[in-house]
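Numbering (the working numbering), first residue to last: 1 to 188.
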């Protein structure tokens, strides 16, 4: 697939900004492709993981931040473990997701994923860890049409999980909730 990028679209400080935010030096990547070869969801991506790294390297901010790839990444870290230069690609994808959200340029095709991402982070921010019921309720509240379609199945699955002791309506209490809240406050 040919990708057309004009010089007007390139941002020279993009790689530097990513490094400052994440500590990841994308310049170490020499495009061997091992990250892409090992990625279990690459078949669904619009750009391969090594292409996302190249976008960051050359300053193609728009292409990197609006790609489906950063939202489809499962953060399984297969790419990171396979990288001969120890580029933390899964962490890079997470940083790019946050940047896309901050700039309001997240791929519109991935609205469900961005909504889930926000519900997940809100749950951790509020409870110090994931509260499955609370997170799913927030996610469904933001997607009312889809929630109606799956309501009966969700009710069936949820009650089955509760009976097995795998799901609780109340969030689990943990020590150090304040520490988690401070982390989120520092991150903005």
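Ideal Cβ positions, reconstructed from N, Cα and C, are used throughout, including at glycine. Predicted model only: the values in this text are computed from it and were never measured.
Span of the alpha helix (DSSP H), counted from its first residue to its last, around residue i
{"i": "residue 127", "result": "111-127"}
{"i": "residue 18", "result": "14-22"}
{"i": "residue 32", "result": "Taken as a continuous stretch (DSSP letters only), residue 32 belongs to no alpha helix (DSSP H), as it is neither H nor E."}
{"i": "residue 144", "result": "144-163"}
{"i": "residue 86", "result": "That residue, residue 86, is in no alpha helix (DSSP H); it is neither H nor E in DSSP."}
{"i": "residue 133", "result": "132-141"}
{"i": "residue 233", "result": "Given a span of 1 to 188 for the chain in the structure shown, any question on residue 233 remains unanswerable."}
{"i": "residue 178", "result": "177-187"}
Residue j beta carbon less than 8 Å from that of residue i
{"i": "residue 114", "j": "residue 106", "result": "yes"}
{"i": "residue 189", "j": "residue 72", "result": "Examination of residue 189 is not possible in this model, given that the chain is present from 1 through 188 alone."}
{"i": "residue 41", "j": "residue 92", "result": "no"}
{"i": "residue 57", "j": "residue 26", "result": "yes"}
Buried or exposed (CB count within 10 angstroms, at least 16 for buried), residue i
{"i": "residue 14", "result": "buried"}
{"i": "residue 7", "result": "exposed"}
{"i": "residue 148", "result": "exposed"}
{"i": "residue 24", "result": "buried"}
{"i": "residue 104", "result": "exposed"}
{"i": "residue 43", "result": "exposed"}
Do the region 22-39 and the region 51-67 meet, that is, are 3 or more Cβ pairs less than 8 Å apart? yes
Validate contact between the region 176-183 and the region 146-157 using beta carbons, cut 8 Å, 3 pairs: no
Taking 8 Å as the cut-off, does the region 127-144 touch the region 161-170 (at least 3 CB pairs, one atom from each stretch)? yes
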